[in-house]
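Residue numbers (full-length UniProt numbering), protein chains in the order written: chain A, 1 to 449; chain B, 1 to 449. For each residue, glycine too, the CB sits at the ideal point set by N, CA and C. Written out below as structure tokens is the structure these notes cover.
Protein chains: 2
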Amino acid sequence: MTRMLIRNVSVLVVPEHGDCRVDQAQDIHITNDQITAITPTGVGEVGEREVIDGTGLVAVAGLVNSHTHSPMVMMRGAAEDLSIEDWFNRRIWPMEVNLTPERVRVGARLACAEMLLAGVTTFVDHYFHAEQIAAAAIESGIRADLAPTFFSSTGHSTAGQDVIGAAFDVTRELSRVHPRISASLGPHATYTVTDDDLRRTADFARDEGFRIHLHAAETDDQTQASLDRHGVTPIQVLERTGVLDAGALIAHGCGIRESDLAILERYADRTTVASCPKVYLKLAMGEVTPIKGLRSAGVRVGIGTDGAAVHNTLDVWEAIRMVALTQKQREHDAEWMTLSDTLRLATRGSAAAAGLADSIGVLEPGRQADIALVDLNGPHNQPLHDPRAALVYSVRASDVVTVLVAGQVVVRDRQLLTMDRDEVVAEARELAHTLVDLSQGGAVQHYAP
Amino acid sequence: MTRMLIRNVSVLVVPEHGDCRVDQAQDIHITNDQITAITPTGVGEVGEREVIDGTGLVAVAGLVNSHTHSPMVMMRGAAEDLSIEDWFNRRIWPMEVNLTPERVRVGARLACAEMLLAGVTTFVDHYFHAEQIAAAAIESGIRADLAPTFFSSTGHSTAGQDVIGAAFDVTRELSRVHPRISASLGPHATYTVTDDDLRRTADFARDEGFRIHLHAAETDDQTQASLDRHGVTPIQVLERTGVLDAGALIAHGCGIRESDLAILERYADRTTVASCPKVYLKLAMGEVTPIKGLRSAGVRVGIGTDGAAVHNTLDVWEAIRMVALTQKQREHDAEWMTLSDTLRLATRGSAAAAGLADSIGVLEPGRQADIALVDLNGPHNQPLHDPRAALVYSVRASDVVTVLVAGQVVVRDRQLLTMDRDEVVAEARELAHTLVDLSQGGAVQHYAP
Chain A
1 MTRMLIRNVS
11 VLVVPEHGDC
21 RVDQAQDIHI
31 TNDQITAITP
41 TGVGEVGERE
51 VIDGTGLVAV
61 AGLVNSHTHS
71 PMVMMRGAAE
81 DLSIEDWFNR
91 RIWPMEVNLT
101 PERVRVGARL
111 ACAEMLLAGV
121 TTFVDHYFHA
131 EQIAAAAIES
141 GIRADLAPTF
151 FSSTGHSTAG
161 QDVIGAAFDV
171 TRELSRVHPR
181 ISASLGPHAT
191 YTVTDDDLRR
201 TADFARDEGF
211 RIHLHAAETD
221 DQTQASLDRH
231 GVTPIQVLER
241 TGVLDAGALI
251 AHGCGIRESD
261 LAILERYADR
271 TTVASCPKVY
281 LKLAMGEVTP
291 IKGLRSAGVR
301 VGIGTDGAAV
311 HNTLDVWEAI
321 RMVALTQKQR
331 EHDAEWMTLS
341 DTLRLATRGS
351 AAAAGLADSI
361 GVLEPGRQAD
371 IALVDLNGPH
381 NQPLHDPRAA
391 LVYSVRASDV
401 VTVLVAGQVV
411 VRDRQLLTMD
421 RDEVVAEARE
431 LAHTLVDLSQ
441 GGAVQHYAP
Chain B
1 MTRMLIRNVS
11 VLVVPEHGDC
21 RVDQAQDIHI
31 TNDQITAITP
41 TGVGEVGERE
51 VIDGTGLVAV
61 AGLVNSHTHS
71 PMVMMRGAAE
81 DLSIEDWFNR
91 RIWPMEVNLT
101 PERVRVGARL
111 ACAEMLLAGV
121 TTFVDHYFHA
131 EQIAAAAIES
141 GIRADLAPTF
151 FSSTGHSTAG
161 QDVIGAAFDV
171 TRELSRVHPR
181 ISASLGPHAT
191 YTVTDDDLRR
201 TADFARDEGF
211 RIHLHAAETD
221 DQTQASLDRH
231 GVTPIQVLER
241 TGVLDAGALI
251 AHGCGIRESD
261 LAILERYADR
271 TTVASCPKVY
281 LKLAMGEVTP
291 IKGLRSAGVR
301 VGIGTDGAAV
311 HNTLDVWEAI
321 RMVALTQKQR
331 EHDAEWMTLS
341 DTLRLATRGS
351 AAAAGLADSI
361 GVLEPGRQAD
371 IALVDLNGPH
381 NQPLHDPRAA
391 LVYSVRASDV
401 VTVLVAGQVV
411 VRDRQLLTMD
421 RDEVVAEARE
431 LAHTLVDLSQ
441 GGAVQHYAP
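Put into structure tokens, the structure is as follows:
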């Protein structure tokens with residue numbers, strides 16, 4: 001039995017409703033992987049346990065990256081200033097011809113290092129060779145929900161192979177591999193997976209108890225194209241194929257129409273949406289996730305970065321800030337998406353998007369000890385009239401000092417303990433050119449939603 | 001004579017037109033306050049001089065914060081989730097009743113520390129008690145252009161005092177105080193300064209060779225209100241009062257109409273606009289600066305943070321990124337506001353907004369040695385397919401390692417050399433409550449544009 005105490009720390013408290021607050025001078029008691037108590041400093045028995053001094057620091061629930069493609073850090077900065085069509089068709093999908101298990105593992109290791117050092121303790125991933133991502137996550141100490149990506153057809157010959165069945169098998173295997181790893185089903189999108197294959201996915205999901213993580217209604221253009229070609233919105237496709245009934249994490253959803261909200265409301269208990277707004281601005285997608293409408297429909301929303309091939313970072317602090325800013329902009333209402341609501345999305349909302357609403361996202365007894373200790377004493381955060389404002393609008397990823405996942409200290413004094421940071425970076429740097437090589441020709445898919 | 005060499009550094013080269021590039025393995029030769037040569041490493045005589053090892057670092061022209069109110073760091077996080085009306089009328093202008101020379105100096109010191117540590121070597125300021133800001137800037141080693149703020153009327157009794165004449169005197173005095181300090185005239189805005197007082201300002205500016213730094217057309221609502229009340233846009237006000245003829249730095253300009261562009265084009269050689277988009281989203285202002293139109297009119301645009309009472313940081317890297325993202329969004333064009341164009345705004349554009357187009361903003365012989373050395377080797381920037389992309393989309397202020405202003409090393413290995421960082425923070429923290437105290441009643445001004 002491992003017992004630990006984070007002593008004399010400020011604690012961000014995020015209630016289900018109402019204002020967040022920061023409680024001063026608290027002790028967080030941890031046994032094994034769980035928080036067992038949070039008490040005023042000095043109250044409660046300490047006994048023999050490792051003590052982390054939290055003086056001057058703020059404890060927040062470890063951040064959750066609720067939608068990403070972690071190995072795409074290998075393409076960071078290699079596809080800039082492009083339309084969404086060119087980004088997919090001239091860069092990313094031709095580059096992904098180069099994916100190998102090794103290159104995916106190397107990318108995922110780098111991604112895990114970047115995220116842990118920034119206080120991200122869980123990521124919700126959607127990518128190829130997901131077993132390699134699991135290996136990197138397990139090694140690094142991070143928590144992950146992994147969805148092996150599949151298309152209905154790919155640019156590669158898949159004759160005679162049941163690519164989808166194989167992806168289902170990986171989901172099943174990954175769900176049993178490690179306590180910190182969960183798995184979901186990963187059809188790419190409503191425009192790259194047929195209705196039949198979505199039905200098959202939904203059936204498998206219901207039979208075996210998995211969630212479905214996929215892209216849908218990413219832009220309003222996609223929604224309009226779906227209406228023009230099929231007479232239904234992407235959300236209607238998700239309903240008629242049983243995906244919503246099985247339970248879905250929808251990435252982006254910027255093209256969700258008013259009329260879709262009534263549908264989503266019927267499945268609100270098992271539907272979540274991940275919002276990654278830096279990407280929507282960068283790709284000039286025209287819309288951001290309609291969080292206000294989703295909230296009215298009772299659908300929980302989380303915050304993510306998407307892949308670094310477009311977001312350029314896996315910095316969830318940046319994503320949180322972008323959600324607050326773009327939501328105020330979208331609603332023409334500076335009083336909307338308050339500090340408290342933003343922090344609630346980033347914690348409870350993202351935990352729900354990870355399928356872990358009951359075990360992470362909040363600092364309270366019985367929850368997993370996934371904790372980031374943040375130093376708000378730098379000149380860029382001071383004076384600290386409101387630590388909640390600092391956490392949304394001025395904190396930097398580099399302010400994260402110490403990080404625990406499932407009670408294990410993975411970052412201490414800004415040093416990654418589980419992997420050799422320099423070796424991880426060097427390995428990625430060495431292989432990076434192989435990922436962006438376009439000389440092979442071909443593409444894993446074509447974007448024409 | 002002080003001679004210095006930054007050895008074996010990568011150098012960001014920002015041409016007037018076309019693509020930026022990063023030259024590897026360069027030496028930057030510095031004598032006194034100027035760059036004298038940039039050569040391939042090892043070429044050129046070294047002689048006896050201090051050597052800074054630039055291996056693994058990228059040298060960029062020190063960043064310029066082209067519009068801010070530096071002492072407002074004292075109100076960081078104290079006015080959140082408010083409409084622009086409430087932000088001004090219920091928080092900021094009532095709080096500014098509490099301004100004293102000492103509090104302004106303490107705030108400016110903190111602001112200078114924050115900016116220098118982030119690689120910001122020049123700031124363009126607009127605030128009260130500007131002589132205190134000058135003192136802080138001189139002490140810290142930063143470069144600044146300072147505009148003493150004035151209104152035509154204030155909430156304070158100003159009977160018998162020539163507030164505006166006094167502000168002019170401060171501008172005149174500050175312009176002579178130190179080689180790193182320049183000064184401008186600081187009427188607050190077209191909606192808080194009468195046409196007569198703007199004319200008086202323009203006359204003084206022309207007579208004594210000063211620029212005019214002011215807020216105008218901040219939102220389209222302001223433009224519409226001006227049209228409704230006076231039959232002219234704020235830009236037309238600037239023209240008819242002679243402000244444009246004298247030469248103006250216009251803060252924000254989000255409400256500049258298509259019809260205003262033809263006016264601005266006539267004064268393009270002496271007009272600049274500062275864009276601070278994080279603020280426009282946070283206050284739900286509805287628009288961002290129309291940079292595409294301004295560029296067509298030949299008006300140079302710089303990038304700024306505005307005050308930290310709304311931007312929450314003085315982080316110009318963040319402001320640069322927000323300009324790229326919001327401009328792509330505004331124009332519905334992901335291919336617009338490219339990496340190169342963004343970096344050009346951040347360097348040449350902001351230098352012009354500071355009134356220093358010929359002496360800062362570019363690393364080349366004859367320019368001031370204002371340089372930030374940036375470490376792009378962290379996991380969040382790697383692999384580095386394109387360092388320009390890293391500088392716009394993934395760099396953090398904490399990646400700035402070493403900073404020079406006018407040939408003086410002011411930050412080395414992330415440590416501020418000119419001031420005691422902890423003492424600066426502690427002093428600000430101690431006084432912070434006095435700034436946000438609303439018990440006095442009153443306000444320095446009322447927002448009703």
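Item                                                                                                                     : Value
Where the stretch 392-407 of chain B meets chain A: residues whose CB sits under 7 Å from a CB there                     : Tyr393, Ser394, Arg396, Ala397 and Ser398
Range covered by the alpha helix (DSSP H) that runs through A:His380                                                     : Where A:His380 is concerned, there is no enclosing alpha helix (DSSP H), given that its DSSP letter is neither H nor E.
Beta carbon proximity, B:Glu96 to chain A, threshold 8 Å                                                                 : no
Inter-residue Cα distance where the pair is B:Gln222 and B:Ile250                                                        : 14 Å
Per DSSP, cross-strand counterpart(s) of A:Gly302                                                                        : A:Ala274
Test: B:Arg429 CB closer than 8 Å to a CB of chain A                                                                     : yes
B:Ser70 beta carbon less than 8 Å from that of B:Gly355                                                                  : no
Backbone CA spacing between A:Tyr447 and A:Thr190 [nearest angstrom]                                                     : 12 Å
Check whether B:Leu335 and B:Ala297 have beta carbons under 8 Å apart                                                    : According to the sequence displayed, residue 335 of chain B carries Glu and not Leu. No, the Cβ-Cβ distance between B:Glu335 and B:Ala297 is not below 8 Å.
Under 7 Å by beta carbon: chain B residues contacting A:Lys328                                                           : Leu281, Lys282 and Ala284
Min CB distance B:His129 to chain A below 8 Å                                                                            : no
A:Leu431 burial status per 10 Å Cβ neighbour count (16 or more: buried)                                                  : buried
Per-residue DSSP class, three states only, for B:Val425                                                                  : helix
Close Cβ partners of B:Val51 (< 6 Å) along its chain, the five nearest in sequence each way excluded                     : Leu5 and Arg7
Whole-angstrom C-beta distance between B:Asp260 and B:Thr289, which should lie under 8 Å                                 : That belief does not hold up - the Cβ atoms of B:Thr289 and B:Asp260 are roughly 12 Å apart, past 8 Å.
Ordered list of beta strand (DSSP E) runs contained in the stretch 74-142 of chain A, each at least 3 residues           : 120-127
Boundaries (first-last residue) of the beta strand (DSSP E) holding B:Met322                                             : Segment Val316 to Glu331 is the alpha helix (DSSP H) holding B:Met322; no beta strand (DSSP E) there.
Opening and closing residue of the alpha helix (DSSP H) in which B:Ala225 lies                                           : Asp220 to His230
Partners in chain A for B:Ser83, counting only beta-carbon separations shorter than 9 Å                                  : Asp333, Ala334 and Glu335
Neighbourhood of B:Asn381 by C-beta, 8 Å cutoff - its chain only, sequence neighbours within 5 removed                   : Ala390, Ser394, Val395 and Asp399
Cβ distance (whole Å) where B:Gly366 is taken to contact B:Gln34 below 8 Å                                               : 7 Å
Under the three-state DSSP convention, the category B:His311 falls into                                                  : helix
CB-CB length for B:Ala242 against B:Asp195, believed under 8 Å                                                           : The identity of residue 242 of chain B in the sequence shown is Gly, whereas the question assumes Ala. About 10 Å; that fails the 8 Å criterion.
Where A:Ala183 falls: helix, strand or coil (DSSP)                                                                       : strand
Neighbouring residues, chain B, relative to A:Asp437 (Cβ below 9 Å)                                                      : In chain order: nothing, as chain B lies at least about 12 Å away.
Beta bridge counterpart(s) of A:Asp23 as assigned by DSSP                                                                : A:Val11
Three-way DSSP call (helix, strand, coil) for B:Ala432 in this model                                                     : helix
Given A:Asp169 as reference, the closest of A:Pro148, A:Ser153, A:Leu314 and A:Ser152 once Cα atoms are compared         : A:Pro148
Cβ neighbour criterion (16 or more within 10 Å) applied to A:Pro449                                                      : buried
Partner residues on chain A for B:Pro383, Cβ-Cβ distance less than 7 Å                                                   : Met74, Arg76, Ala428, Arg429 and Ala432
Closer than 8 Å to chain A by CB, B:Asn65                                                                                : no
Rounded straight-line distance, which links the Cα of B:Leu63 to that of A:Cys276                                        : 28 Å
Proximity test, Cβ basis, 8 Å: A:Arg367 and chain B                                                                      : no
Proximal chain A residues relative to B:Arg421, where beta-carbon distance stays under 8 Å                               : Pro379
Residue environment, A:Arg200, which counts as buried when at least 16 other CB atoms sit within 10 Å                    : buried
The stretch 408-420 of chain B touching the stretch 99-117 of chain B, judged by at least three CB pairs closer than 8 Å : yes
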